[in-house]
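Colleague: As they're listed, the protein sequences go chains Z and P. First residue of the first sequence: 1, per the working numbering; consecutive thereafter. First residue of the second sequence: 468, per the working numbering; consecutive thereafter.
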Amino acid sequence: MKSQSKDQRAAVPSSAIGTHTEAEAVATVASPEPARPEAARGNGRPLPASVLTPPPPAPSPHLDDYRNIIGQGHVDDLRFLARDLKGKSIKMVNSTAVGGGVAEMLNRLVPLLSELEVPTHWDVITGGNDFFEVTKGFHNALQGSSYELTKAAQEIFLMYNEQNRERLQFGEDMVVIHDPQPVGLIRSREKSRASWVWRCHIDLSNPDARVWEFLRPFVEQFDAAIFSSQSFARQLPIPQYLFYSCIDPLSEKNKELPDAVAQKICDDFGIDRTRPIVTQVSRFDRLKDPVGVVHAYKLAKKYVDCQLVLAGGGASDDPEGADVLQEVKEAAGNDPDIIILDLPPWCALEINAIQRASTIVVQKSLKEGFGLTVTEALWKGKPTIASAVGGIPNQIIHKLTGVLVHSVEGCAFQIRYLLTHPDFAKHMGASGREHVKENFLMTTNVKRWLLLFRILGQAKSRPGSSR
Amino acid sequence: MRKPDKPFYFNTSEHLLRIGRQKATTLSELWQALQTCPDDSIFQHTFRTLQDHHFIRQGFSNDFAHWCLSACNEPVLAEQLASVDVREFTAIEGLRRRMVGIVDDFLQPHPRSGSKAGHEPFYFCASDIVVLPTPFSPDSVPGFVEGLKRVSVHSIHHHFIEARLRLHLMSNDFSQWLEEEVGLPQTADAIERIDIYTNTMEGVRQRIATIVEQALN
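(1) With respect to the beta strand (DSSP E) encompassing Z/Asp130, which residues constitute its N-terminal and C-terminal limits?
(2) What does a CB cutoff of less than 7 Å around Z/Tyr147 pick up in its chain, not counting 5 residues either side in sequence?
(3) Pull up the CB-CB distance for Z/Ile247 and Z/Leu441, whole angstroms please, since I reckon it's below 8 Å.
(4) Under the assumption that Z/His406 contacts Z/Ala388 (Cβ atoms under 8 Å), give the Cβ distance between them as a whole number of angstroms.
(5) Could you have a look at Z/Tyr66 and say whether DSSP puts it in helix, strand or coil?
(6) In the DSSP assignment, what residue or residues form a beta bridge with P/Leu484?
(7) On the CB-based measure, 16 or more other CB atoms within 10 Å of its CB, does P/Ala423 come out buried or exposed?
(8) Just checking, does the region 54-73 of chain Z make contact with the region 422-430 of chain Z on the three C-beta pairs under 8 Å criterion?
(9) Which residues, taken in chain order from the region 434-451 of chain Z, show a beta carbon closer than 9 Å to some beta carbon of chain P?
(10) Would you call the CB atoms of Z/Gly402 and Z/Thr375 closer than 8 Å?
(11) What is the DSSP secondary structure of Z/Ile338, reduced to helix, strand or coil?
(12) Alpha carbon to alpha carbon, how far is Z/Gly369 from Z/Glu252? Give it in angstroms, no decimals.
(13) Nearest chain P C-beta to Z/Ser387 closer than 8 Å, yes or no?
(14) Along the chain, where does the beta strand (DSSP E) containing Z/Gln240 start, and where does it finish?
(15) When you compare only the Cα positions, how much space is there between Z/Gln307 and Z/Lys367?
(16) Which residue from P/Glu555, P/Asp552, P/Arg554 and P/Trp534 puts its Cα closest to that of P/Ala545?
(17) Between P/Gly581 and Z/Asp337, what straight-line distance do the alpha-carbon atoms span, to the nearest angstrom?
(18) Taking 8 Å as the threshold (C-beta atoms), are P/Gly614 and P/Phe477 in contact?
(19) Using a beta-carbon distance cut-off of less than 7 Å, what residues from the region 245-277 of chain Z approach chain P?
(20) Would you please state the rounded distance, in angstroms, between the beta carbons of Z/Val118 and Z/Ile156? I believe it to be under 8 Å.
(21) Based on the DSSP secondary-structure assignment, which residues constitute the bridge partners of Z/Met92?
(22) At least one CB of chain Z closer than 8 Å to the CB of P/Leu634: is that the case?
(23) DSSP on Z/His398, reduced to helix/strand/coil?
(24) Compare the C-alpha of P/Pro588 against each of Z/Phe232, Z/Ser461, Z/Leu299 and Z/Ile360 and name the closest.
(25) Is the distance from the Cβ of P/Ile509 to the Cβ of P/Leu562 below 8 Å?
(26) Looking at the structure shown, is Z/Ala209 part of a helix, part of a strand, or coil, going by DSSP?
(27) I want to know whether the region 622-637 of chain P touches the region 266-274 of chain Z - three or more CB-CB distances under 8 Å.
(28) Enumerate in chain order the residues of its own chain whose CB-to-CB distance from P/Lys490 is below 7 Å, with the five nearest sequence positions on each side excluded.
(29) Please name the residue in P/Arg554, P/Arg565, P/Asn540 and P/Ala538 whose C-alpha comes closest to that of P/Leu548.
(30) Using a C-beta to C-beta distance shorter than 8 Å, which residues of chain P count as neighbours of Z/Ser231?
(31) Starting from the C-beta of Z/Ala332, find all residues in its chain whose C-beta is less than 7 Å away, skip the five residues before and the five after it, and write them out in chain order.
(32) Taking all protein chains shown into account, decide if Z/Val219 is buried (16 or more other Cβ within 10 angstroms of its Cβ) or exposed.
(33) Count the other CB atoms within 10 Å of the CB of P/Asp636; is the residue buried (16 or more) or exposed (fewer)?
(34) Is the region 221-237 of chain Z close to the region 198-208 of chain Z, with three or more CB pairs under 8 Å?
(35) Might you give, ordered along the chain, the residues of its own chain that have their beta carbon closer than 7 Å to the beta carbon of Z/Leu287, omitting 5 neighbours on each side?
(36) Taking its Cβ as the centre, do 16 or more other Cβ atoms sit within 10 Å of Z/Pro182, making it buried, or is it exposed?
Okay, here's the thing in C-alpha cells:
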C-alpha cells in the first residue's frame, strides 16, 4: 500500500507493474479515443459547463463520520467486532483500480477496515489486452451470453493468472478474490495460512455451462464464496454467503445536499421543481428499458401532471448507447416535459441532486444485477417503482419499501397512484430509507467482512479442520 | 425495588446470511422443505428476519408469509402465516410444526394452489451468528435505562426477541432481570406484553424505556 495522508485517505491498490490492469486494457481495447463530454447533450439542451470536467476526488470518510447516520450503537458494534481481529490482515485482489463498482467499493472498504486495525491490502492483477478480452468474454458468458470457449482462451487465462501468482505475496490471514478474473490465484492457497474467499459480484444464475465448468474447479478450492443475491448462487461444496451490494452514504452520489445545491443543478438542467418529477437514472441501455419508461410516463400523464427525467450516460462511449439514446429521443418526441440527460460518468453530485429533487424514482429494468440506483433512491427516501428483476426484490418489499412492477402499464399505474397518494408514498419512502440503513450501507458491508473473517478463522482453528 | 446483585450485561448479536441448498418454487415444495430444512433456516426466516425488517411497523411478519403473498399471490395463506407470533415459541421445533400445519391446512382444500409456480423461488437461508459484548453493563435501574437507550437495535432484538430460544421461557432478558434482580414483576410483565408486530424495534426500545422510567418514578 502506498502511504496515505490523514486528510486525503483513499485506498490505493499496490501498483501493478509490467502490463495493464483491466481498466487500462479495456480503455485500449474498447475506447481508442477518450469520451468527449462536449458531445454529451440533453434533448437539445447543452449541458452546463460545470459538468464537463471531472471534480477532484473527495477524501474517504472515517468511521466516526458515519455515527450520525447509523448511530453510535452500531459504530460501537463494529469496533467490538474488530477487536478480536486486531493485528490480523486481509488482502483484496481484483482486476481494476479505477472504474466499476468493485473498485469504487474497495476504495471505501479498505480504509475503513484498516481504521478498525484490521490492515487490509489491495492488489490489482495485471494482464495484456488478450487476457482482458478473454475475461470480458468470460464475464458476459457467466451472465448468460453465448461464448466460444477455446483452448487458446483457457491458456491465456491460466498464463496470466500464473504470472500474477508469481508476482503477488499472500502472507495475510484472509485473501479475498473478487470476480472470475483472478480466480486462478487460488493455486497459491497451499503455501498460505489464509482463509480464501471468492467474492462473486456478477449474476451466475444462468451461466454458459462450458465457462462455468472451466472455472468451477478453482471456485471449489475456496473456503467460502459470496454472492450478491440468493438467486445468483450455484450448487457448490463450500459455504456460500450473501453480501448485498452497498452504497456509501457519504459519497458524492449519496451525501446530504443543501437544497440550494439541488435547486441550482435542477435549474441548470431545466427541471421545474414546482411540478412533480419522475426520474429514471441509468445508462442508455436497452436492458434498462428507457423507452418503456417513456411509454409509462405518457400513459400516466393522461391522468396526472408530471415531468420525466431520464438521466444517465453511456451514449458517448458506446455505439449501442448512442442508438438507445436516439430511440429514447424518438419515443419522447417533442414533449417539453421529458428531459433526457446524457451525463459524463463523474456527474455523481448532479445525479444526487436530481434524485433528491424527484417526486418518484423509477427503475424499469428488464434485467438487473443488484440495482444500486434503486438503493440510492431508497436511501434518499424516494417512493420507488422498480421491476421485480435481479437483486431488486431484495430491496423492494412490495408496498412496504417501494413498489414492484412487471409491465409498462403497471409502472404507469403506480406513477399515477403514488403521485395522487403522497402520504402513502412518503411513508413508503421512509421505510425504504430504513431498509437501506439496515442492510445496504457501506458500514453494514464492513460488518459483514468482519463477521466472515471471524467465522472463517474459527472454522480454521477447529481441530480436524481440513481446510 | 431493590439494588440488583448482578449487573445487566447488554450484548448484541450480529449475523451473516448463509445461502442454503434448498429452495421452493411452489407451495408444495415449500411445505416439503419446511419439514426438512435445518432449524437455523426456520430461525432465519422467522426470528431473524424481524431484525432485518425491524423498521416496518405493520405488514411484515416472516419471510414465508411474505413469499406466499408476493410470489404466490395467496393472501389467505399469507395472512395465516403472518399471524404466527414467534414469541409464542421457546423452541424452533414448535414453530416449524405450526408453519407446516398452516401450509398443510391450506393445501388440503386447495390442491391446485400447491403446484402453481411462484413468480420467484423461495431460497432457504440461515445465519452464522456472533454474540458480542457492548460497553454497557449497568448495575442499577437508571443505568439500565441509559444502556437501553444507547445500544443498537440489534441488542434490543437479541435480548427481547431471541432470548426466549436461549432461556426456553416465555420471557425475555429484560423482564427476567427486572423481576429477578430488581423485584419489579409488574414492570417485567408489562414489557413482555409489548407487541413487536405493530411496533418498530426503535418503538419497542422506547416503550421499554418508558415502562421502566414509570416504575422508577
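C-beta: ideal position from N, C-alpha, C; glycine also. Just so we're clear, the structure is a prediction, and the values are computed from it rather than from any experiment.
Modeller: With the given structure in hand:
(1) Premise fails: Z/Asp130 lies in the alpha helix (DSSP H), Asn129 to Leu142, not in any beta strand (DSSP E).
(2) For Z/Tyr147, where only same-chain residues beyond five positions count, the Cβ hits under 7 Å are Gly137, Asn140, Ala141, Asp208 and Val211.
(3) Contact holds; Cβ gap of about 7 Å.
(4) Right, their Cβ atoms sit about 6 Å apart.
(5) It is helical.
(6) In the DSSP secondary-structure assignment, P/Leu484 is bridged to P/Ser594.
(7) With chain P covering only 468 through 684, there is no way to say anything about residue 423 of chain P.
(8) The answer is no - the region 422-430 of chain Z does not touch the region 54-73 of chain Z, with fewer than three Cβ pairs under 8 Å.
(9) Listed by position, the residues of the region 434-451 of chain Z near chain P (Cβ gap below 9 Å) are Glu434, His435, Lys437, Glu438, Asn439, Lys447, Arg448, Leu450 and Leu451.
(10) No; because the gap between Cβ atoms is not below 8 Å, this pair is not in contact.
(11) In the structure shown, the three-state DSSP call for Z/Ile338 is strand.
(12) When rounded, the distance between both Cα atoms is 22 Å.
(13) Interface residue (Cβ-Cβ distance to chain P less than 8 Å): Z/Ser387 is not classified as such.
(14) From DSSP, the beta strand (DSSP E) with Z/Gln240 extends over Gln240 to Leu242.
(15) C-alpha separation (whole angstroms): 25 Å.
(16) It is P/Trp534.
(17) Linking P/Gly581 to Z/Asp337 through their CA atoms gives a straight-line distance of about 48 Å.
(18) Yes, these two residues count as a Cβ contact at 8 Å.
(19) Within the region 245-277 of chain Z, not one residue has a Cβ closer than 7 Å to any Cβ of chain P.
(20) Rounded, the Cβ-Cβ distance is 35 Å, inconsistent with contact.
(21) DSSP links Z/Met92 through a beta bridge to Z/Trp122 and Z/Val176.
(22) Using a Cβ-Cβ cut-off of 8 Å, P/Leu634 does not count as an interface residue toward chain Z, since no Cβ of chain Z sits closer than that to its own.
(23) In the structure shown, Z/His398 falls within a strand segment according to DSSP collapsed to helix, strand and coil.
(24) In this structure, Z/Phe232 is the residue among Z/Phe232, Z/Ser461, Z/Leu299 and Z/Ile360 with its C-alpha nearest to the C-alpha of P/Pro588.
(25) Using a Cβ distance threshold of 8 Å, P/Ile509 and P/Leu562 count as a contacting pair.
(26) Reduced to three states, the DSSP call for Z/Ala209 is helix.
(27) At 8 Å Cβ cutoff, the stretches do not touch.
(28) Same-chain partners within the cutoff: Pro588, Phe589, Tyr590 and Phe591.
(29) Per the Cα distances, P/Arg565.
(30) The contacting residues are Glu587, Pro588 and Tyr590.
(31) So the list reads Asn43, Val294, Ile338 and Ile340, once near-sequence residues are dropped.
(32) Buried.
(33) The sequence given here places Leu at residue 636 of chain P; Asp does not occur at that position. So P/Leu636 counts as exposed.
(34) The region 221-237 of chain Z vs the region 198-208 of chain Z: in contact.
(35) Here the set comprises Ser365, Leu366 and Lys367.
(36) It is buried - the Cβ of Z/Pro182 has at least 16 other Cβ atoms within 10 Å.
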